[in-house]
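Asks: First the structure, which I've put down as structure tokens, then a few questions once you've had a look.
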């Protein structure tokens with residue numbers, strides 16, 4: 001997710017204008033977060049809305065009951081040099 005955010009943050013020229021995309025990404029992993037598509041999709045969607053609730057432009061991983069309060073990472077934090085390996 002961090003690499004995807006970094007790549008999408010690069011300005012793109014389109015129709016003689018420069019565009020910058022600042023996406024919000026919700027991540028759910030198979031089989032750890034769900035075994036069925038509908039549940040996996042719902043887990044990713046819930047993670048996405050945590051990102052949006054935290055101010056958008058970042059990512060969050062699907063959380064189980066124990067990690068449900070884990071904060072979404074805002075864009076600057078997600079791309080901080082010490083977080084990128």
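Numbering (full-length UniProt numbering), first residue to last: 1 to 85. All C-beta atoms, glycine included, are put in the ideal place defined by N, C-alpha and C.
Can you give the beta carbon distance from residue 60 to residue 47, rounded, assuming they're within the 8 Å contact cut?
Replies: About 4 Å; that satisfies the 8 Å criterion.
Asks: Residue 28: buried (16+ other C-beta within 10 angstroms of its C-beta) or exposed?
Replies: Under this definition residue 28 is a buried residue.
Asks: In this structure, how does DSSP classify residue 55 when only helix, strand and coil are distinguished?
Replies: Reduced to three states, the DSSP call for residue 55 is coil.
Asks: Measuring from the CB of residue 53, is there a heavy atom of the ligand PLP at a distance below 7 Å?
Replies: For the ligand PLP, the structure offers nothing, since it holds no ligand at all.
Asks: List, from N- to C-terminal side, the beta strand (DSSP E) runs of 3 residues or more that fit wholly inside the region 4–51.
Replies: Qualifying beta strand (DSSP E) stretches, in chain order: 12–14, 17–19, 25–27.
Asks: Within its chain, find whatever has a CB closer than 6 Å to the CB of residue 1; leave out the 5 residues flanking it on each side and keep chain order.
Replies: For residue 1, where only same-chain residues beyond five positions count, the Cβ hits under 6 Å are 25, 27, 59.
Asks: Could you tell me the distance, in whole angstroms, from the CA atom of residue 44 to the CA atom of residue 10?
Replies: Their Cα atoms are separated by approximately 24 Å.
Asks: When you compare only the Cα positions, how much space is there between residue 14 and residue 22?
Replies: Whole-angstrom Cα-Cα distance: 16 Å.
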